[in-house]
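Participant: According to the numbering used here, the stretch in the sequence shown is residues 187 to 908, in order.
Even glycine gets a Cβ: it sits at the ideal position worked out from N, Cα and C.
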Amino acid sequence: MARFTLIQTNFTAGEISPRMYGRVDIARYQNGAMTMENAWPVVHGGAMRRYGTLHCAAAKFHDKKAILIPYVFNTEQAYMVEFGDLYVRLFYPNGDPIESAPGVPLELVSPYTQDMLAQLEYVQGADTMFLFHPMVPIHRLRRVTNTAWTLAPAPFVTTPFAEAGIKFSTSATISDATVGTGRTFTSSASAFLASDVGRQIAAGGGIAEVTTVTSATVATVEVVVAFAGTAIANWELSLSPQTSNTPSAKDPVGKAITLTLSAAGWRPTDVGKYVKINEGLVQITAYTSSTIVKGIIKAALTSAVASTANAWSLESPVWDAVNGYPATGTLYEQRLACAGSPNYPQTVWLSRTGEYLNFELGTKDDDAMSFTVASDQINPVSHLAQVKVLIALTYGGEFSLTGGVEKPITPTNIQVKNQSVYGCNKVRPVRIGNELYFVQRSNRKLRAMAYKYDSDAYGSPDMSVLSEHATKSGIVSMAYQQEQESILFMARADGVMATMTVDRDQDVVGWARQITDGAFESVASIPTEDGDQVFAVVRRTINGQNVRYIERFTDGCQVDCGIFGTSEAGKAVWSGLSHLEGKTLDIVADGVVMQQQVVTGGQITLPRVAFNIQAGLPFTTRIKTLTPEVQGGTGSAQGNSMRVGEITLRFLETTGCKVNGQTIAFRNLGVGVLDKPAPLFTGDHRLENLGWERGKASVEIVQDQPLPFHLLCVIKKITIND
187 MARFTLIQTN
197 FTAGEISPRM
207 YGRVDIARYQ
217 NGAMTMENAW
227 PVVHGGAMRR
237 YGTLHCAAAK
247 FHDKKAILIP
257 YVFNTEQAYM
267 VEFGDLYVRL
277 FYPNGDPIES
287 APGVPLELVS
297 PYTQDMLAQL
307 EYVQGADTMF
317 LFHPMVPIHR
327 LRRVTNTAWT
337 LAPAPFVTTP
347 FAEAGIKFST
357 SATISDATVG
367 TGRTFTSSAS
377 AFLASDVGRQ
387 IAAGGGIAEV
397 TTVTSATVAT
407 VEVVVAFAGT
417 AIANWELSLS
427 PQTSNTPSAK
437 DPVGKAITLT
447 LSAAGWRPTD
457 VGKYVKINEG
467 LVQITAYTSS
477 TIVKGIIKAA
487 LTSAVASTAN
497 AWSLESPVWD
507 AVNGYPATGT
517 LYEQRLACAG
527 SPNYPQTVWL
537 SRTGEYLNFE
547 LGTKDDDAMS
557 FTVASDQINP
567 VSHLAQVKVL
577 IALTYGGEFS
587 LTGGVEKPIT
597 PTNIQVKNQS
607 VYGCNKVRPV
617 RIGNELYFVQ
627 RSNRKLRAMA
637 YKYDSDAYGS
647 PDMSVLSEHA
657 TKSGIVSMAY
667 QQEQESILFM
677 ARADGVMATM
687 TVDRDQDVVG
697 WARQITDGAF
707 ESVASIPTED
717 GDQVFAVVRR
727 TINGQNVRYI
737 ERFTDGCQVD
747 CGIFGTSEAG
757 KAVWSGLSHL
767 EGKTLDIVAD
777 GVVMQQQVVT
787 GGQITLPRVA
797 FNIQAGLPFT
807 TRIKTLTPEV
817 QGGTGSAQGN
827 SMRVGEITLR
837 FLETTGCKVN
847 GQTIAFRNLG
857 VGVLDKPAPL
867 FTGDHRLENL
877 GWERGKASVE
887 IVQDQPLPFH
897 LLCVIKKITI
907 ND
């Protein structure tokens with residue numbers, strides 16, 4: 187027999203995958219755990235019981251999903267925003283709902299239905315938050331005062347536009363679909379005007395140029411690219427009217443003018459479109475006739491003389507109900523960047539420098555611009571973010587968007603480089619330090635995109651590779667807590683909260699699983715002076731009914747969905763627990779763990795008077811160590827019978843735990859001792875004779891009481907029967 191004294195000094199690898207149980211040769215194994223449940227590693231090395239959650243409020247609808255979005259102006263003005271089915275509610279950092287009147291939550295009308303919430307993106311600059319969804323115009327959420335908020339479409343000066351032509355939903359026929367001249371194109375409804383001569387008809391893969399307009403429904407065309415057949419369901423008339431255009435004035439901006447064509451070309455549907463003419467811009471405001479429209483000068487013209495055909499253009503907004511709206515956005519180099527609209531999935535738009543609401547495209551360095559993130563396949567832009575440069579995450583890959591080395595992006599200076607081809611899903615990425623953490627498109631792998639100086643490129647290593655089981659059901663929401671502990675929270679599809687303690691400078695990447703009596707559905711974090719506050723939407727079952735609550739992870743809370751109560755006079759009956767009706771609760775009264783109670787009528791009754799309590803749903807902290815590896819005279823100890831003859835646990839400010847089912851005594855008994863809080867213990871506790879196990883010497887450490895627990899290290903004296 188061989189005897190060894192082994193020490194596990196840290197748990198910074200967290201819970202590792204069962205696939206790694208044979209990798210006793212790597213450092214992560216030595217610093218990992220078989221199980222880390224309702225605990226998390228800390229950067230300093232130990233592992234501590236996770237924070238419990240306090241009940242903030244019920245979501246508006248229990249039968250519909252809700253998500254949380256942080257609204258952060260500064261550390262003194264940060265709020266949590268609840269987005270649900272067509273509504274918005276708000277919370278202070280301490281979890282109290284913002285109210286419009288006593289007992290009445292402040293509520294805003296929202297354009298986002300329950301089904302839209304998973305795709306809702308946002309970016310915030312100062313007191314303005316821009317909200318993005320591909321089916322809804324970009325909205326702004328603004329705070330005026332604590333109790334005065336607005337949510338409305340963003341009042342853009344100009345949105346991006348392009349020479350989009352006209353799409354017709356009416357059917358048509360062509361006399362001969364093959365390439366050639368003299369073909370007759372007949373529309374089932376009025377479509378043509380005189381200035382359409384020279385414009386192109388497109389349908390499917392076919393293209394034809396209009397050579398003569400015979401009537402409003404008939405034109406003679408030259409087929410340039412053959413059509414699939416003579417019957418056409420939907421078709422498009424591209425380019426602008428092919429005739430001269432005369433403005434009535436050239437300036438100033440805001441002046442109302444008329445635009446007159448020399449041949450019929452205006453249509454009532456042109457109202458709202460833009461005319462680029464004589465180096466200026468006019469927005470059409472009213473239709474007078476097929477030759478005259480009224481407009482407002484948006485950018486001054488150089489002259490008021492006639493502009494010939496093809497020297498001016500009629501352009502349509504590309505953000506509309508037909509083309510869709512940007513699905514994502516961020517702020518970069520004093521510009522609002524947007525991307526991912528349904529009909530322009532690979533296009534990125536950047537506003538004018540310093541003017542987030544102006545997307546008038548131009549060629550000057552500070553003008554708005556657009557460009558395409560091109561690749562060998564159509565990959566919609568899912569997210570825009572920045573880590574040193576502007577980053578576009580698409581379904582098929584990750585791209586950097588720059589103006590070159592130490593140069594800004596301008597309309598004439600843009601470099602798009604494909605950095606990797608992992609692809610991402612719809613979960614909003616999170617920036618931690620100089621890395622951008624995103625979920626790969628399968629929803630399971632977590633990657634960290636960062637610049638690598640040695641290769642002058644961006645890499646995206648898999649941060650979940652050693653703990654792949656921790657994300658097995660898929661990640662649906664992420665939030666980062668920078669302080670007190672550096673932890674990335676990830677709500678999974680099955681309701682478990684995966685967490686990853688991360689500090690790259692200290693080589694800490696430690697995974698754990700947080701489980702509650704319910705399901706975590708959404709998570710978000712806001713900064714405060716005392717540390718970041720992490721909120722979650724939690725689905726629970728109360729009295730047989732599904733409910734959804736807004737809850738807040740709170741340092742010092744040892745229960746879930748709990749309350750803190752204080753009474754100066756002291757009392758035995760505590761109310762305010764109707765949200766947990768029928769549930770069995772853990773209770774700590776004046777620092778002493780009490781017998782569990784069932785909530786009846788929204789209250790619990792203690793066996794004695796108490797002045798301070800916390801009460802809520804119980805959860806159990808569980809840490810199980812891995813089988814140790816030692817080298818003996820015959821080689822590895824793996825597979826041999828092992829006995830832990832003695833184990834020493836080093837604690838920091840801990841009260842209570844069990845080791846392999848044996849309770850560790852943290853206080854000596856005496857008169858009245860059970861009526862006083864157990865003192866927090868810092869130091870070593872030693873146990874002996876835990877038994878033999880074939881091929882194992884693992885130890886399970888459990889804290890099933892609502893009390894503090896912080897494990898620093900584990901020292902084992904083991905005997906190996908080889």
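1. At a cut of 8 Å, does the region 556-567 reach the region 591-608 through at least three beta carbon pairs?
2. Could you compute how far the alpha carbon of Phe371 sits from the alpha carbon of Ala507?
3. Can you tell me which of Lys902, Val830, Gly742 and Val785 puts its alpha carbon nearest to the alpha carbon of Gly238?
4. Distance check for Val461 and Leu674, CA to CA, integer angstroms please.
5. Would you list the one or two residues that DSSP bridges to Thr687?
6. As an exercise, report each continuous beta strand (DSSP E) stretch of at least 3 residues that is fully enclosed by the region 580-634, in chain order.
7. Taking all protein chains shown into account, do 16 or more other C-beta atoms lie within 10 angstroms of the C-beta of Val857, making it buried, or fewer, making it exposed?
8. Using a Cβ-Cβ cut-off of 6 Å (strictly less than) and excluding sequence neighbours within five positions of Ile918, which residues of its own chain qualify?
9. Would you identify the three-state DSSP class for Ser711, choosing helix, strand or coil?
10. Per DSSP, what kind of secondary structure is Thr455 in: helix, strand or coil?
11. Between Pro454 and the rest of its own chain, which residues show a CB-CB distance below 7 Å, the 5 nearest in sequence each way excluded?
12. Return helix, strand or coil for Met234, following the three-state DSSP convention.
13. Which same chain residues end up closer than 6 Å to Glu422 when comparing Cβ atoms and leaving out the 5 residues on each side of it in sequence?
14. Can you give me the start and stop residues for the beta strand (DSSP E) that Arg275 sits inside?
15. Are there 16 or more other CB atoms within 10 angstroms of the CB of Ile904, so buried, or fewer, so exposed?
16. By DSSP's criteria, His241 is part of a beta bridge. Which residues make up the other side?
17. Between the region 215-230 and the region 718-738, can you find at least three pairs of beta-carbon atoms closer than 8 Å?
18. I think His325 touches Ala348, with their Cβ atoms under 8 Å apart; what is that distance to the nearest whole Å?
19. So Tyr207 is in the alpha helix (DSSP H); what residue range does that whole segment cover?
20. The beta strand (DSSP E) with Arg872 in it runs from where to where?
21. If you draw a straight line from the alpha carbon of Tyr637 to that of Ala775, how long is it in whole angstroms?
22. To the nearest angstrom, report how far apart Ala449 and Ile393 are at their CA atoms.
23. Closest to Gln428 by CA distance: which of Val409, Phe413, Thr446 and Ala442 is it?
24. Are the beta-carbon atoms of Ser426 and Trp498 separated by less than 8 Å?
25. Below 6 Å CB to CB, which residues in the same chain sit around Ile901 once its five sequence neighbours on both sides are set aside?
26. Cα-Cα, which of Lys459, Glu519 and Ala560 is closest to Gly540?
27. If you reduce the DSSP assignment to three classes, tell me which class Thr702 lands in.
28. Looking only at its chain, what residues have a beta carbon closer than 6 Å to the beta carbon of Pro323, apart from the 5 residues adjacent to it on each side?
29. So, with DSSP's three-state summary, where would you put Ala578?
30. So, under 8 Å CB-CB, Leu897 and Phe837 are touching, yes? Tell me the CB distance rounded to an integer number of Å.
31. Taking Arg369 as part of the beta strand (DSSP E), name the residues at either end of that continuous run.
32. Among Val682, Thr752 and Pro793, which one has its Cα closest to the Cα of Asn224?
33. Taking Leu632 as the reference, give the member of Gly696, Asp642, Phe585 and Glu671 with the closest Cα.
34. Buried or exposed: which applies to Met611, given that a residue is buried once 16 or more other Cβ atoms fall within 10 Å of its Cβ?
35. Tell me whether Glu223 sits in a helix, a strand or coil according to DSSP, three-state version.
36. Helix, strand or coil, according to DSSP, for Met649 in the structure here?
Facilitator: Taking the structure as given:
1. yes
2. Taking the sequence shown and counting its residues from 1, one reaches residue 371 at position 185. Taking the sequence shown and counting its residues from 1, one reaches residue 507 at position 321. Those two C-alpha atoms are separated by around 29 Å.
3. For the purposes of this step, residue 238 is taken as the residue at position 52 of the sequence shown. Considering only alpha carbons, the answer is Gly742.
4. Translated into positions along the sequence shown, residue 674 becomes position 488. Translated into positions along the sequence shown, residue 461 becomes position 275. Cα to Cα, Leu674 sits roughly 49 Å from Val461.
5. Numbered from 1 along the sequence shown, position 501 holds the residue referred to as residue 687. Its beta-bridge partners are Ile673 and Gly696.
6. 584-588, 601-606, 616-618 and 621-625
7. Residue numbering aside, residue 857 sits at position 671 when the sequence shown is read from its first letter. For Val857, the predicted model reports a pLDDT of 49, less than 50, meaning its position is unreliable and no value from the coordinates is stated.
8. Residue 918 lies beyond the residue range present for the chain, which begins at 187 and ends at 908; the question has no answer from this structure.
9. Counting from 1 along the sequence shown, the entry for residue 711 is found at position 525. Note: Ser711 maps to strand in three-state DSSP.
10. As a working note, residue 455 is residue 269 in the sequence shown. Helix at Thr455.
11. Indexing the sequence shown from 1 puts residue 454 at position 268. Once the five neighbours on either side are set aside, the close Cβ partners of Pro454 are Tyr473.
12. Position 48 of the sequence shown, counted from the start, is the residue given in the question as residue 234. The answer is strand: DSSP assigns Met234 an E or B state.
13. Here residue 422 is taken as the residue at index 236 of the sequence shown, counted from 1. Closer than 6 Å at Cβ, skipping near neighbours: Gly351, Lys353 and Ala388.
14. Locating residue 275 in the sequence shown gives position 89, where the first residue counts as 1. Per DSSP, Arg275 belongs to the beta strand (DSSP E) from Tyr273 to Phe277.
15. Walking along the sequence shown from the start, residue 904 turns up at place 718. Buried.
16. What you label residue 241 is simply residue 55 of the sequence shown in a count that begins at 1. In DSSP, His241 forms a bridge with Glu737.
17. no
18. Counting from one through the sequence shown, the residue named residue 325 turns up at place 139. Counting from one through the sequence shown, the residue named residue 348 turns up at place 162. Their Cβ separation, rounded to whole angstroms, is 23 Å, which puts His325 and Ala348 out of contact at 8 Å.
19. Locating residue 207 in the sequence shown gives position 21, counting from the first residue. Unbroken run through Tyr207: none, as it is neither H nor E.
20. Start at 1 with the first residue of the sequence shown, and residue 872 comes out as number 686. Element bounds for Arg872: Phe867 to Glu874.
21. Against the sequence shown, residue 637 aligns to sequence position 451. Against the sequence shown, residue 775 aligns to sequence position 589. Taking the straight line joining both Cα atoms gives about 51 Å.
22. Here residue 449 refers to the residue found at position 263 of the sequence shown. Here residue 393 refers to the residue found at position 207 of the sequence shown. In a straight line, the C-alpha of Ala449 is about 24 Å away from that of Ile393.
23. Along the sequence shown, read from residue 1 onward, the residue named residue 428 stands at position 242. Nearest option by C-alpha distance: Thr446.
24. Taking the first residue of the sequence shown as position 1, residue 426 is located at position 240. Taking the first residue of the sequence shown as position 1, residue 498 is located at position 312. Against a cut-off of 8 Å, the Cβ pair of Trp498 and Ser426 comes out as a contact.
25. By 1-based counting over the sequence shown, the position of residue 901 is 715. Contacts found: Ile193 and Thr834.
26. If you number the sequence shown from 1, residue 540 lands on position 354. Selected option, being the one with the closest Cα: Glu519.
27. Position 516 of the sequence shown, counting from 1, holds the residue named residue 702. In this structure, Thr702 counts as coil in the three-state DSSP scheme.
28. By one-based count along the sequence shown, residue 323 stands at place 137. Excluding sequence neighbours, Pro323 sits near Pro339 and Tyr511.
29. Position 392 of the sequence shown holds residue 578. Note: Ala578 maps to strand in three-state DSSP.
30. Counting from 1 along the sequence shown, the entry for residue 897 is found at position 711. Counting from 1 along the sequence shown, the entry for residue 837 is found at position 651. Sure, about 6 Å apart at Cβ, within 8 Å.
31. If you number the sequence shown from 1, residue 369 lands on position 183. Element bounds for Arg369: Gly366 to Ser373.
32. Within the sequence shown, the letter at position 38 stands for residue 224. For the residues Val682, Thr752 and Pro793, the minimum Cα distance to Asn224 belongs to Val682.
33. Your numbering for residue 632 matches position 446 in the sequence shown. For the residues Gly696, Asp642, Phe585 and Glu671, the minimum Cα distance to Leu632 belongs to Gly696.
34. Taking the first residue of the sequence shown as position 1, residue 611 is located at position 425. Per the sequence shown, the amino acid found at residue 611 is Asn instead of Met. Asn611 comes out buried.
35. By 1-based counting over the sequence shown, the position of residue 223 is 37. Looking at Glu223 - three-state DSSP - the assignment turns out to be strand.
36. As a position in the sequence shown, residue 649 is number 463, starting the count at 1. Coil.
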